[in-house]
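Protein chains: 2
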Amino acid sequence: MTPVNPMDLGFLLLERRNQPMHVGGLILARPPADAGPDYAQTLLRDMLAYQQPEAPFNQRLHRRAGVWCWTRDEEFDLDSHVYHLSLPEPGRIRELLALVSKLHSALLDRSKPLWEAYVIEGVQDGRIALYIKVHHALVDGVAAMKLMQRVTSTDPAATVVAPWAVPPRIRDAATPERSTTALTALADAASQFRRHAGSAKTVATEVLRSIRARKTDPDYVSVFQAPRSLFNQRISGSRRFAAQSYAMARIRDAADRHQATINDIVLAMCGSALRRYLLDLGELPDKPLVAMVPVSMRRDDSEGGNQVAMILANLATHLDDPLERLDTTVRSVNQSKQRFSRLSQGEILAYMTTVMAAHGANMALGINPGWQAFNVIISNVPGPPEPLYWNGAAVEGVYPVSIPIDGAALNITLNSYADSLEFGLIGCRRTLPHMQRLLGYLDDGLSTLGA
Amino acid sequence: MTPVNPMDLGFLLLERRNQPMHVGGLILARPPADAGPDYAQTLLRDMLAYQQPEAPFNQRLHRRAGVWCWTRDEEFDLDSHVYHLSLPEPGRIRELLALVSKLHSALLDRSKPLWEAYVIEGVQDGRIALYIKVHHALVDGVAAMKLMQRVTSTDPAATVVAPWAVPPRIRDAATPERSTTALTALADAASQFRRHAGSAKTVATEVLRSIRARKTDPDYVSVFQAPRSLFNQRISGSRRFAAQSYAMARIRDAADRHQATINDIVLAMCGSALRRYLLDLGELPDKPLVAMVPVSMRRDDSEGGNQVAMILANLATHLDDPLERLDTTVRSVNQSKQRFSRLSQGEILAYMTTVMAAHGANMALGINPGWQAFNVIISNVPGPPEPLYWNGAAVEGVYPVSIPIDGAALNITLNSYADSLEFGLIGCRRTLPHMQRLLGYLDDGLSTLGA
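Those protein sequences? They're chains A and B, same order as listed.
Numbering-wise, the first sequence is residues 1 to 451 according to our numbering.
Numbering-wise, the second sequence is residues 452 to 902 according to our numbering.
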């Protein structure tokens with residue numbers, strides 16, 4: 001029996017019926033040309049042959065003397081983790097996304113290992129969908145993506161094991177350390193906030209620094225500058241999931257054309273889409289929306305090479321001109337990166353804690369402060385570079401399904417996959433009407449940049 | 452804005468993630484012979500035409516100054532209440548029940564009106580299923596059954612309205628007063644317990660009476676006599692639902708043959724099935740299982756004619772001989788009824804509170820006392836006497852989906868419908884392995900009584 005580590009405990013403690021803390025992934029795979037009508041059945045049967053899950057998929061929560069621990073589930077029953085569903089006619093992607101939205105809305109049962117997998121057939125175009133949900137206390141987005149690569153293959157002829165049956169040794173090698181994503185940072189800030197709600201010295205210092213920086217550069221956004229917006233409300237327990245692939249060639253073309261990075265273009269697409277979405281609803285704030293974005297910080301003096309930090313990006317949604325928007329966003333991101341490059345790792349952590357404190361407090365205490373650190377989370381997770389096969393079926397889409405939280409009703413997570421960027425938008429269904437419109441607006445945003 | 456009444460508040464307060472407090476119903480309907488392949492689609496479209504729900508289906512919870520109230524949902528969105536699903540091949544009843552089990556496991560979203568409806572196609576035999584879930588704070592089993600009769604018709608040619616669109620006037624006329632069922636009694640006891648946990652005078656008095664009664668009649672079971680059993684544990688959040696119809700002619704024949712009532716035969720079937728189920732698992736207690744059963748008490752001096760009370764029935768599971776079991780159960784039921792017929796209504800309420808106190812305390816406080824008031828809830832709800840049609844489709848089955856609770860992991864609810872008794876068994880999936888076996892054992896139990 002192992003005590004749950006503090007970060008993962010954060011995810012458990014932050015969970016409420018309107019705020020489930022599981023992440024998910026949706027895979028769309030095309031059966032080989034010679035597949036029969038029972039292809040999905042066979043795929044499922046092959047997966048169900050792996051009756052014995054490996055850690056952490058065999059671990060359930062157990063409370064012992066007030067401490068949450070992981071313990072091996074001795075009554076593990078694969079049938080209550082793996083489900084077979086079918087879409088009703090006409091089985092459009094729309095119906096698939098509606099089903100995944102519904103499945104992602106439900107809490108996992110805490111008396112069992114905290115994961116579920118759904119094989120979904122009946123998609124109009126003959127593809128098979130696999131939706132997996134796993135509690136964030138069990139696995140994070142990056143680890144999930146790497147795990148995904150272990151249960152698929154670049155070889156169409158290969159047979160691969162079920163996700164829950166990958167031995168931990170293989171998995172640990174693939175994820176040598178726990179990565180930092182927007183949500184892990186938030187959970188960390190929330191647990192920090194619980195512990196140190198009183199001692200806010202580093203926070204105060206950093207706030208002063210931020211205000212000073214704001215005076216010298218108008219595009220640099222810091223804590224307390226995000227406007228109130230539609231996205232920053234209490235959320236319901238109902239989700240809406242929208243997903244789409246965008247060709248990497250188009251995005252790379254736009255990046256080259258404007259001497260920007262892939263991530264800059266992603267932020268510009270989001271800024272453009274969010275501006276138009278809020279304009280439609282008559283809800284566009286006068287001040288620019290601020291996104292919380294995990295970025296990779298290459299440090300010359302670092303050992304591991306990469307360091308991930310949370311930055312606040314100015315999405316410049318107050319500007320009508322797409323190029324001005326891109327320009328402002330790029331400058332805001334570069335300012336933040338330069339700033340981080342001058343800071344020690346301890347100072348970066350202090351800053352991140354500051355940035356998160358507002359949302360951390362909100363998440364930990366369930367209150368809604370009158371100010372926002374950011375409006376939306378935009379998270380770019382590295383994905384598999386080569387086309388993958390899932391027991392012979394060509395994987396055509398791999399979409400992340402993340403977590404909206406109180407005060408951040410929309411989460412945009414994306415991952416690269418082969419020749420495309422796969423966007424997964426997950427939001428509170430009640431807060432965000434017609435959320436799926438954002439998919440088209442993202443595309444338009446990309447086109448506006450000449451790609 | 453109306454405050455939630457105390458009974459319904461009980462259902463809201465007792466709800467936990469492992470103990471959702473919604474009830475459900477599963478309808479199986481056969482399309483007419485001339486129905487096309489898009490029959491289900493059309494049915495759904497006709498239902499979705501009723502965009503405006505009537506009370507209580509348009510009411511959502513709102514907390515105002517610490518008080519839970521009902522308020523009209525001004526952002527009602529029918530698409531997030533009505534779903535269209537399909538079973539994967541082969542679409543056996545087994546797959547349908549697995550799907551309903553899963554759907555019944557999920558909590559309702561409290562930011563919306565507390566109900567959902569699912570039209571399910573892809574059943575192997577061509578039938579269409581309708582699964583409706585409604586929070587017990589919105590509607591109880593009896594009211595739901597009467598509502599069901601309002602949204603179907605005895606006329607195959609009639610078109611009928613969607614359940615959520617039946618005007619309250621019609622519905623109120625159909626359910627002139629709130630009925631008392633096992634679960635409403637339990638919720639009431641739990642809220643009583645919260646209020647009067649200290650003043651247990653009536654409880655003590657009644658316990659003394661019960662112990663006195665136990666001395667004079669060995670078959671009469673009262674509070675504190677139920678053995679510990681498999682059924683009396685904390686439950687998980689996962690459900691297993693099993694349903695089957697039993698011909699009323701067979702049950703009536705058994706009743707006639709043994710000079711018993713329909714309800715006596717139902718209890719004997721349950722006793723027989725539970726005995727065998729527990730024997731299989733090596734879990735049969737030495738002492739007989741005790742069922743909590745709502746019974747109708749015909750009183751000569753009463754105005755309304757019927758009075759419902761909760762009795763404790765000795766299921767005589769310690770006896771091997773089916774006739775001896777029936778005999779013991781019948782005597783225990785008759786003893787209870789005679790006892791109630793000598794009591795005033797106030798005394799009946801005091802007794803019911805006593806019976807419920809143990810479970811009420813358990814439910815209200817989340818503790819598991821070392822003794823049981825009863826082992827299993829068996830609830831018989833009057834259903835529609837005539838065959839019904841749902842927009843032309845012949846309703847062939849109407850099954851109740853009720854609520855297992857901490858300490859009572861199995862709930863057997865049944866309702867009459869036309870020429871059959873429709874059993875719906877709902878249990879904690881983790882606590883009760885192979886629960887579906889009970890369906891066959893119920894049938895065997897009926898056969899043993901010569902029917």
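Note that the Cβ used here is the ideal one computed from N, Cα and C, for glycine as well.
query	result
When burial is assigned at 16 or more other CB atoms within 10 Å of the CB, is A:P163 buried or exposed?	buried
For B:P736 and B:N765, I'd like the C-alpha separation in whole angstroms.	13 Å
Whole-angstrom Cβ separation of A:L108 and A:H135, contact assumed at under 8 Å?	6 Å
Does the CB of B:A539 have a neighbour CB from chain A at under 9 Å?	First, the residue type needs correcting, since residue 539 of chain B is Pro and not Ala in the sequence shown. Judged by the 9 Å Cβ criterion, B:P539 is in contact with chain A.
Using 9 Å as the limit for Cβ to Cβ distance, is A:Y83 near chain B?	yes
Whose Cβ in chain A lies nearer than 9 Å to the Cβ of B:N469?	D109, R110 and S111
My assumption, with CB atoms under 8 Å, is that B:A677 sits in contact with B:A824. Please give the rounded CB distance.	6 Å
Whose C-alpha, out of B:R515, B:L730 and B:Q503, is nearest the C-alpha of B:T768?	B:L730
Put A:N411 into one of helix, strand or coil per three-state DSSP.	strand
Beta-carbon within less than 7 Å of B:P739's beta-carbon, same chain only, minus the 5 sequence neighbours each way: which residues are those?	N765, L766, A767, T768 and H769
Work out the CA separation of A:V23 and A:G407 for me, nearest whole Å.	18 Å
Counting only C-beta atoms, is A:A129 closer than 9 Å to chain B at any point?	no
Would B:S562 pass as a contact of B:R511 if the rule is Cβ separation under 9 Å?	yes
What residues from the region 112–125 of chain A come within 9 Å of chain B, judged by C-beta to C-beta, listed N to C?	K112, V119, I120, E121 and G122
Near A:T159, what residues of its chain come up, given a Cβ to Cβ distance below 6 Å and the 5 sequence neighbours on each side ignored?	N391
Restricting to runs no shorter than 3 residues, where is the beta strand (DSSP E) found entirely within the region 692–718 of chain B?	none
Can you check which of these residues, B:C721, B:G577 and B:L893, is closest to B:D485 by C-alpha distance?	B:G577
Go ahead and pull the three-state DSSP assignment for A:M269.	helix
Spatial neighbours of A:G91 within its chain, please: C-beta separation below 6 Å, excluding the five flanking residues on both sides.	G122, V123 and Q124
Which runs of the beta strand (DSSP E) at least 3 residues long sit entirely within the region 499–558 of chain B? Give them in chain order.	510–515, 518–523 and 533–537
Identify the residues that DSSP records as bridge partners of A:M292: which are they?	A:L312 and A:I377
Among the residues of its own chain, which have a CB less than 7 Å from the CB of A:T261, if the five just before and after it don't count?	A255
Output needed for B:L893: all residues of its chain with C-beta closer than 6 Å, excluding positions within five of it in sequence on either side, in chain order.	M720 and A724
Listing by chain order, which chain A residues have their CB less than 8 Å from the CB of B:A557?	S105, A106 and L107
Answer yes if the region 6–25 of chain A comes into contact with the region 36–45 of chain A, meaning at least three C-beta pairs across the two stretches below 8 Å, and no otherwise.	no
I need the DSSP call for A:G122, collapsed to helix, strand or coil.	coil
Following the continuous beta strand (DSSP E) through B:P851, name the residue where it begins and the one where it ends.	A844 to V852
I need the straight-line Cα distance from A:N18 to B:L589, nearest angstrom please.	20 Å
Would the beta-carbon of B:A580 fall within 9 Å of that of B:I571?	yes
Enumerate in chain order the residues of its own chain whose CB-to-CB distance from A:M148 is below 6 Å, with the five nearest sequence positions on each side excluded.	none
Of all the CB atoms in chain A, is at least one closer than 9 Å to the CB of B:I621?	For B:I621, the predicted model reports a pLDDT of 49, less than 50, meaning its position is unreliable; a value from the coordinates is still stated below. Chain A contact via Cβ: absent.
DSSP three-state label for B:E734, please.	coil
Helix, strand or coil for B:T635 per DSSP?	helix
Below 8 Å, how does it come out for the region 823–840 of chain B and the region 690–709 of chain B: are there three or more Cβ pairs, yes or no?	no
Would you identify the three-state DSSP class for B:T626, choosing helix, strand or coil?	Low per-residue confidence applies at B:T626: pLDDT is 43, beneath 50, and the placement is therefore not dependable, though the value from the model is reported in the following sentence. It is coil, neither helix nor strand.
Could you tell me the alpha carbon to alpha carbon distance between B:L538 and B:F692, rounded to whole angstroms?	16 Å
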